[in-house]
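Following: one structure in structure tokens, then a few remarks.
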Amino acid sequence: MAPTQPAVRRRVMHVMGMPVSVALRGRHAEGPAADRAWDRVVAELQHVDATFSTYRPDSVISRLARGEIGVDALPDEVREVLALGEEARRASDGAFDVVQRHPDGTETFDPSGVVKGWAIERAARHLRDLKGTDFCLAAGGDMVCHVASDDAEPWRVGIEDPHAPARLVAVVPVRDGAVATSGLAHRGDHVVDARSGRTPTALASVTVVGPSLTWADIDATSAFALGADGRDWLRTRAGETGLVVWADGRAEPFAGVGIA
44 MAPTQPAVRR RVMHVMGMPV SVALRGRHAE GPAADRAWDR VVAELQHVDA TFSTYRPDSV
104 ISRLARGEIG VDALPDEVRE VLALGEEARR ASDGAFDVVQ RHPDGTETFD PSGVVKGWAI
164 ERAARHLRDL KGTDFCLAAG GDMVCHVASD DAEPWRVGIE DPHAPARLVA VVPVRDGAVA
224 TSGLAHRGDH VVDARSGRTP TALASVTVVG PSLTWADIDA TSAFALGADG RDWLRTRAGE
284 TGLVVWADGR AEPFAGVGIA
């Protein structure tokens, strides 16, 4: 008889403009410790939203965009996000940028492409304090997964077919790592090549699996923005694997440098 798997307990909250959910299993899947950890996750994400939201006129990012504060007055966390954005811009040859250039010549400052994965990865540290407990923290299709013991089953993460989201093109086992997907299936033309301001059409979706959600999310977006060059670019990224779905429906796995 197969061993009984521990029950999974789920919680969800709408924050940062999207549903954020956690799946817990093991010693502290429910109870006061789980309640406290989840409260800290939500509080951290609410703080990130108050700091980085481009929809809130009082956020640090909105005030920076209006020129009301200078770079020297920014909190350390904002400096960190902007540094990540600059590193991603250089790595992607400008396809990923916190400054979006539009076809009409105007520009928009928006670090959201960095913030989501970075914020979820930071918030997940509160769940790591739950001893003997597995977790999967997800937001907008991106997630951080952790399995507490060597003999526990990995989380199994389904990758949607962007042409038919009710169907899966792959299932990825994750023990301690992150999964991020970039594409147009759920949010329309929100990913653009920052150099042109136009949405690439060569790819339907990009899913990156790696040790860091911050970089899995950035790299999935960068690869999508690079269009037809995105698959080959992903092969230069150390320690990441994943799946590219082309506009014609072909699904093609990739492995970055350092992956056998």
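FYI, in our numbering the residues of the sequence shown are 44 to 303. All C-beta atoms in this analysis are idealised placements derived from N, C-alpha and C, irrespective of residue type, glycine included. Please read all numbers here as calculations on a predicted model, not as lab measurements.
Where residue i falls: helix, strand or coil (DSSP)
| i | result |
| --- | --- |
| Thr279 | coil |
| Thr244 | coil |
| Pro296 | strand |
| Met44 | With a pLDDT of 46 at Met44, under the threshold of 50, the modelled position of that residue is not reliable, and the figure given next carries that caveat. If DSSP states are grouped into helix, strand and coil, Met44 belongs with coil. |
| Thr257 | helix |
| Ile104 | helix |
| His57 | strand |
| Phe178 | strand |
| Arg109 | coil |
| Leu173 | coil |
| Arg210 | strand |
N- and C-terminal bounds of the beta strand (DSSP E) containing residue i
| i | result |
| --- | --- |
| Thr284 | 284 to 289 |
| Arg99 | Unbroken run through Arg99: none, as it is neither H nor E. |
| Gly201 | 198 to 204 |
| Val142 | 142 to 144 |
| Gly220 | 219 to 226 |
| Asp16 | Nothing in the structure corresponds to residue 16, since the chain is present only between 44 and 303. |
| Asp185 | 185 to 189 |
Boundaries of the alpha helix (DSSP H) in which residue i is found, first to last residue
| i | result |
| --- | --- |
| Gly160 | 155 to 166 |
| Arg83 | 75 to 95 |
| Asp119 | 119 to 134 |
Selected residue, minimal CA-CA separation from residue i, among the options
| i | options | result |
| --- | --- | --- |
| Val217 | Trp289, Glu283, Ala50 | Glu283 |
| Ala134 | Ala298, Asp262, Val212 | Asp262 |
| Leu88 | Arg144, Ala166, Pro49, Arg79 | Ala166 |
| Gly253 | Pro243, Ala298, Ser105, Ser239 | Ala298 |
| Ala77 | Arg53, Tyr98, His57 | Arg53 |
Any non-hydrogen atom of the ligand FMN closer than 7 Å to residue i Cβ
| i | result |
| --- | --- |
| Glu123 | Absence of the ligand FMN from the depicted structure is noted, as is the absence of any ligand whatsoever, leaving it without description. |
Within-8 Å CB hit, residue i to chain B
| i | result |
| --- | --- |
| Thr176 | In the displayed structure, chain B is absent; only one protein chain is listed. |
- Query: Are three or more beta carbon pairs between the segment 203 to 218 and the segment 105 to 124 nearer than 8 Å?
  - Reply: no
- Item | Inter-stretch contact at 8 Å, needing at least 3 Cβ pairs: the segment 186 to 197 / the segment 144 to 159 | no
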